[in-house]
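Counting the sequence shown from 1 gives a position; this note's numbering is that position plus 1110. The beta carbon of each residue, even a glycine, is placed where N, CA and C say it ideally should be. Nothing here was measured: the structure is a model prediction, and the numbers come from that model.
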Amino acid sequence: MKSFSSGNFVQDIQLQRKKMQYLYADANRSIFMDPDNYEQVEVSNELIAEQKPYLSDGLEVQVLFWDSPAGEAALSLELPPKLVFIVKETDPGEKGNSVANIYKSAKLANGLKVKVPLFIKQGEKVIIDTRDGSYVARA
1111 MKSFSSGNFV QDIQLQRKKM QYLYADANRS IFMDPDNYEQ VEVSNELIAE
1161 QKPYLSDGLE VQVLFWDSPA GEAALSLELP PKLVFIVKET DPGEKGNSVA
1211 NIYKSAKLAN GLKVKVPLFI KQGEKVIIDT RDGSYVARA
């Protein structure tokens, strides 16, 4: 926390949350489009490193922008809380192993590794919580 003397002033900043659509990425930046006016915006991959594995073509996200004197600057990216992914690789479940809450490793089509229940098979769709990367349900 910072204290200010009575003669000092702090300028308000203008923040704006916008619905954007993910288009593509290169080595340093990701490109998003405003679906209302088709304006494209670059966002640093460093800024969204944790969210980047969840991004897929056309995904709608919320981007928080700062209206700075130099122009609009992206500050953060908010994903939908749950997304559907295809299981690319996983070991088969063991027959007869019906103990509740046993999980196995799975690799999703986007490259993420998650723990899924034994009954999930390769090629199935699963719902993943984007806030913590955990399995939610079969899609």
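What do you reckon, are the CB atoms on residue i and residue j nearer than 7 Å?
i	j	result
Val-1153	Ala-1184	yes
Ala-1159	Ile-1196	no
Ile-1237	Val-1246	yes
Ile-1141	Tyr-1148	no
Lys-1231	Lys-1223	no
In chain order, what residues of the same chain have a beta carbon less than 6 Å from the beta carbon of residue i, not counting five sequence neighbours either side?
i	result
Gly-1203	Leu-1228 and Phe-1229
Val-1194	Lys-1235, Ile-1237 and Ala-1249
Leu-1169	Tyr-1132
Between which two residues does the beta strand (DSSP E) holding residue i run?
i	result
Ser-1116	Note, Ser-1116: premise wrong, no beta strand (DSSP E); not H, not E.
Lys-1223	1223-1227
Arg-1241	First-last for Arg-1241: undefined, no H or E at that position.
Among the options, which has the Cα closest to the Cα of residue i?
i	options	result
Leu-1125	Val-1194, Ser-1186 and Thr-1200	Ser-1186
Thr-1200	Asp-1122, Ser-1215 and Ser-1178	Ser-1215
Glu-1188	Val-1151, Arg-1248 and Tyr-1164	Tyr-1164
Ile-1121	Asp-1136, Gln-1131, Ser-1178 and Tyr-1132	Residue identity check: residue 1121 is Gln in the sequence provided, not Ile. Per the Cα distances, Ser-1178.
Asn-1155	Gly-1168, Tyr-1132 and Lys-1223	Tyr-1132
Arg-1146	Lys-1129, Lys-1198, Gln-1232 and Asn-1211	Position check: residue 1146 holds Asp in this sequence, whereas Arg was assumed. Of the listed residues, the one whose Cα sits closest to Asp-1146 is Lys-1129.
Gly-1221	Gln-1161, Lys-1198 and Val-1151	Lys-1198
Asn-1138	Leu-1157, Asn-1211 and Lys-1112	Leu-1157
Tell me which residues share the same chain as residue i and place their Cβ nearer than 7 Å to its Cβ, disregarding the 5 neighbours each side in the sequence.
i	result
Pro-1191	Asp-1239, Thr-1240 and Arg-1241
Ile-1123	Trp-1176
To which residues of the same chain is residue i closer than 8 Å at the C-beta, ignoring the five residues directly before and after it?
i	result
Lys-1162	Ala-1135, Ser-1140 and Asn-1155
Measuring CB atoms only, is the region 1115-1122 touching the region 1165-1177, in the sense that at least three cross pairs come out at less than 8 Å? Judged by Cβ distances under 8 Å, the region 1115-1122 makes no contact with the region 1165-1177, as fewer than three pairs qualify.
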